[in-house]
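Working notes for the structure below.
Protein chains: 2
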Amino acid sequence: MAHTLSLEQMHAAAGRACRLMKMLAHPDRLMLLCQLAQREMSVGELEAALGIPQPTLSQQLTVLREEQLVDTRRDGKYMYYRVRRGPALAVLKALYTQFCERKKL
Amino acid sequence: MAHTLSLEQMHAAAGRACRLMKMLAHPDRLMLLCQLAQREMSVGELEAALGIPQPTLSQQLTVLREEQLVDTRRDGKYMYYRVRRGPALAVLKALYTQFCERKKL
DNA sequence: GGTTCATTATATAGATTGATATATTACTTT
DNA sequence: AAAGTAATATATCAATCTATATAATGAACC
């Protein structure tokens, strides 16, 4: 955290960071990504695990796909999702540390 | 990242994390927090630094105050803001690493 | 063709944003 | 201490964006 960025650079970075924040700023999507960060899962598995109605789920997954936060793989009728490595994963890790591990602190 | 949380625990954590994400999911607020993470600043300084119209700025600062992401200190006519230590700072740091330092990677 | 798994379309309800105008707080000057 | 001024905050409201339910569509398999 040493070198200072120009306002332009900050704006550009903030814009990109902000798009990621928007993706995580929704409970269902956040939970989805948490699940998918741990292991690859099919839509049906996610539906069962999180109790989100299927079309809603699919819509959220579409958003995540369009923002390239997840990758997909089809196996027959099943569509498997997983988190793509990148900034999303780093932030998810930070959130996990802050909100899931901090019980005993 | 070892122990698995119950769905209920996940939901609760996701809810709290999500509120933070919402706060960061806005370019102006994100820039504000980045500035304020570096040093305490008055509203006027922020206005000058970021070029955000004053009422808009004040509105965003109010939101950040209500979510307790910033602390304030009045000095005469001036109101100074700073980022409160906590999850927000951890996430800001992660964002900085991902989006501001990663040029040469 | 029928069934299962998944995606897309459509429409409505709800939340967020930002501009303009107004109010408040504290300082200054007379 | 009254009036003026600078700094900040709040109110209001139209415009935009986001979310979700229902219905329809597509893809793969039997």
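Residue numbers (the working numbering), protein chains in the order written: chain A, 1401 to 1505; chain B, 1401 to 1505. Note that the Cβ used here is the ideal one computed from N, Cα and C, for glycine as well. Fair warning: this is a prediction, and the values are worked out from it, not measured in the lab.
Nearest chain A C-beta to residue i closer than 9 Å, yes or no?
i	result
Gly-1444(B)	no
Lys-1477(B)	no
Pro-1453(B)	no
Gln-1468(B)	no
Leu-1457(B)	no
Leu-1407(B)	yes
Any beta-carbon of chain B closer than 9 Å to the one on residue i?
i	result
Arg-1416(A)	yes
Along chain B, which residues have their Cβ under 7 Å away from the Cβ of residue i?
i	result
Gln-1460(A)	Here the premise fails: no neighbours, minimum Cβ distance about 13 Å.
Mind checking whether the beta-carbon of residue i lies closer than 8 Å to any heavy atom of the ligand NAD?
i	result
Ser-1406(B)	Looking at this structure, you won't find the ligand NAD or any other ligand, since it has none at all.
With which residues is residue i paired in a DSSP beta bridge?
i	result
Tyr-1480(B)	Ser-1442(B) and Arg-1473(B)
Residues in its own chain within less than 7 Å of residue i by CB, not counting five upstream and five downstream?
i	result
Leu-1457(A)	Val-1443, Leu-1446 and Glu-1447
Ala-1472(A)	The question names Ala, but residue 1472(A) is Thr in the sequence shown. Hits under 7 Å: Arg-1465, Met-1479, Tyr-1480 and Tyr-1481.
Met-1431(A)	Leu-1450
Give the residues of chain B in contact with residue i, contact being defined as C-beta atoms less than 8 Å apart.
i	result
Met-1431(A)	Met-1410, His-1411 and Ala-1414
Among the options, whose alpha-carbon lies nearest the alpha-carbon of residue i?
i	options	result
Arg-1484(A)	Tyr-1496(A), Thr-1404(A), Pro-1427(A) and Leu-1420(A)	Leu-1420(A)
Tyr-1481(B)	Leu-1436(B), Leu-1405(B), His-1411(B) and Cys-1418(B)	Leu-1436(B)
Gln-1459(A)	Asp-1475(A), Lys-1477(A), His-1426(A) and Tyr-1496(A)	His-1426(A)
Arg-1429(B)	Met-1441(A), Gln-1438(A), Arg-1429(A) and Met-1410(A)	Met-1410(A)
Tyr-1496(B)	Gln-1438(B), Glu-1408(B) and Cys-1418(B)	Gln-1438(B)
Gln-1387(A)	Lys-1493(B), Gly-1486(B) and Glu-1501(B)	Given a span of 1401 to 1505 for chain A in the structure shown, any question on residue 1387(A) remains unanswerable.
Which residues in chain A have a C-beta closer than 9 Å to the C-beta of residue i? List them in chain order.
i	result
Val-1491(B)	Met-1421, Val-1491, Ala-1494, Leu-1495 and Gln-1498
Can you find the residues in the same chain that come closer than 8 Å, C-beta to C-beta, to residue i, ignoring five residues on each side of it along the sequence?
i	result
Val-1470(B)	Leu-1433, Leu-1436, Leu-1461, Leu-1464, Tyr-1481, Arg-1482, Val-1483 and Arg-1484
Ala-1488(A)	Leu-1420, Met-1423, Leu-1424, Leu-1433 and Leu-1469
Glu-1440(B)	Arg-1473, Tyr-1480, Tyr-1481 and Arg-1482
Ser-1406(A)	none
Taking residue i as the query, report the chain A residues whose CB atoms sit under 8 Å from its CB, ordered along the chain.
i	result
Leu-1436(B)	Correct list: empty, because the minimum Cβ distance to chain A is about 13 Å.
Ala-1448(B)	Chain A residues near Ala-1448(B): none, gap ~11 Å exceeds 8 Å.
Identify the contact partners of residue i in chain A, using a Cβ-Cβ distance below 7 Å as the criterion.
i	result
Leu-1464(B)	Here the premise fails: no neighbours, minimum Cβ distance about 14 Å.
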